[in-house]
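Below you'll find the structure, written out as structure tokens, and then a few comments.
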Amino acid sequence: MCGRYANTKSGEELGRYFEADEVDEVRLPPSWNIAPTQQVPIVVDRLPKDDPDGMPSRLVTAARWSLVPRWATELASPYPTFNARSETVHEKSTFTGALVRSRAILPADGYYEWHTVGDGAKGTVKTPHYIHDPVEGELAFAGLYSWWRAPVAEGQPPSPWVLTATMLTRAAHGPAASIHDRAPVMLPREVWDEWLDPTVEGDQDLVTMVVHESEQVLERLELHPVAPLKGDGPELIVPLG
DNA sequence: CCAGACGTTGTT
DNA sequence: GTCTGG
DNA sequence: CCAGACGTTGTT
DNA sequence: GTCTGG
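The numbering of the first sequence is this note's numbering, which starts it at 104 and goes up by one.
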């Protein structure tokens with residue numbers, strides 16, 4: 104799972120870290136409390152417009168967190184699409200198109216998971232934990248993106264395109280597994296290129312590969328409890344106590 | 001074949 | 001309790 | 001994912 | 001658009 108995370112880096116900083124060739128002018132204020140449907144930074148590789156055989160270039164841009172497939176008629180989905188299960192992403196019509204050739208990285212400083220104690224009934228306590236990579240200081244969530252625009256009546260001016268994105272999830276592993284059974288798929292540097300390559304047709308084998316590679320990241324994560332996530336600011340990731 | 005859905009997490 | 005906006 | 005709202009009529 | 005349950 105991952106339904107809340109932090110990103111405080113500018114587009115320029117992300118461009119340097121992810122070895123991007125271009126950075127779109129994106130207004131993304133630092134946030135320690137990013138929620139689904141908000142704008143988030145994403146990293147994509149795209150082919151030159153007029154030369155599909157040319158070299159891809161790497162771009163940092165912004166997308167709405169919750170993937171909307173091209174055929175959807177509304178921006179707001181009646182079902183959640185901010186996560187995509189790695190186990191089934193290849194067979195879900197909402198995600199299949201994006202898996203084939205629209206893969207992305209969603210950068211993060213760290214993310215949150217809630218440790219639930221109790222049976223869900225009265226007395227259940229949920230404690231948020233902040234989870235991050237002390238080695239790299241940055242996480243690269245494996246994501247997918249999709250362009251969408253609202254349909255319009257014949258003869259009307261077209262609606263603007265909206266870039267949307269989601270991130271893959273997997274069974275938890277490593278330290279974070281002690282508090283929760285799902286985790287985002289996080290990419291080590293050595294698989295960024297293959298995951299982002301738009302000339303590689305994404306399939307379940309590719310997903311299986313990155314899920315496997317994500318274990319080295321999961322194994323080195325650190326986590327600590329934090330106060331309830333209200334508002335926004337650096338205080339949200341301060342260890343509780 | 002068409003009609004209708006198209007999703008995740010967590011909890012039971 | 002349940003829905004929804006962020 | 002959680003946090004916060006959850007409603008109407010009529011009057012100002 | 002694509003998948004699947006009937």
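Even glycine gets a Cβ: it sits at the ideal position worked out from N, Cα and C.
Item: Simplified DSSP state of residue 246, which is helix, strand or coil; Value: strand
Item: Candidates 281, 193, 144, 229, of which the one nearest residue 169 by Cα; Value: 144
Item: Extent of the continuous beta strand (DSSP E) to which residue 53 belongs; Value: Residue coverage of the chain in this structure runs from 104 to 344, which leaves residue 53 outside it and unanswerable.
Item: 7 Å Cβ cutoff met for residue 204 and residue 299; Value: no
Item: Segment contact, 8 Å Cβ cut-off, at least three pairs: the segment 312-324 with the segment 248-257; Value: no
Item: Closest residue to residue 157 among 301, 306, 292 (Cα-Cα distance); Value: 301
Item: Opposing strand residues paired with residue 312 [DSSP bridges]; Value: Answer by DSSP bridge pairing: none, since residue 312 is not bridged.
Item: Start-to-end residues for the beta strand (DSSP E) that takes in residue 326; Value: 325-328
Item: Buried versus exposed call for residue 176 [16 or more other C-beta atoms within 10 Å across all chains shown]; Value: exposed
Item: One or two residues paired with residue 214 in a DSSP bridge; Value: 108, 234
Item: contact_flag[the segment 326-341, the segment 223-238] where n(CB pairs < 8 Å) is 3 or more; Value: yes
Item: DSSP beta-bridge partners of residue 273; Value: 286
Item: Extent of the continuous beta strand (DSSP E) to which residue 199 belongs; Value: Residue 199 -> not in any beta strand (DSSP E); alpha helix (DSSP H) instead, spanning 196-204.
Item: Alpha-carbon spacing of residue 194 relative to residue 187, whole angstroms; Value: 11 Å
Item: Beta bridge counterpart(s) of residue 125 as assigned by DSSP; Value: 162
Item: Residues near residue 111 by beta carbon distance below 6 Å, same chain, minus five either side; Value: 133, 212
Item: Buried or exposed (CB count within 10 angstroms, at least 16 for buried), residue 296; Value: exposed
Item: Counted within 10 angstroms of its Cβ, other Cβ atoms place residue 164 as buried (16 or more) or exposed; Value: buried
Item: Of the listed residues 180, 130, 285, nearest to residue 115 (C-alpha basis); Value: 130
Item: Under 7 Å between C-beta atoms of residue 95 and residue 289; Value: Nothing in the structure corresponds to residue 95, since the chain is present only between 104 and 344.
Item: Cβ neighbours of residue 307 in the same chain (closer than 6 Å, five flanking residues each side left out); Value: 193
Item: Per-residue DSSP class, three states only, for residue 138; Value: coil
Item: Cα-Cα separation, residue 236 to residue 167; Value: 24 Å
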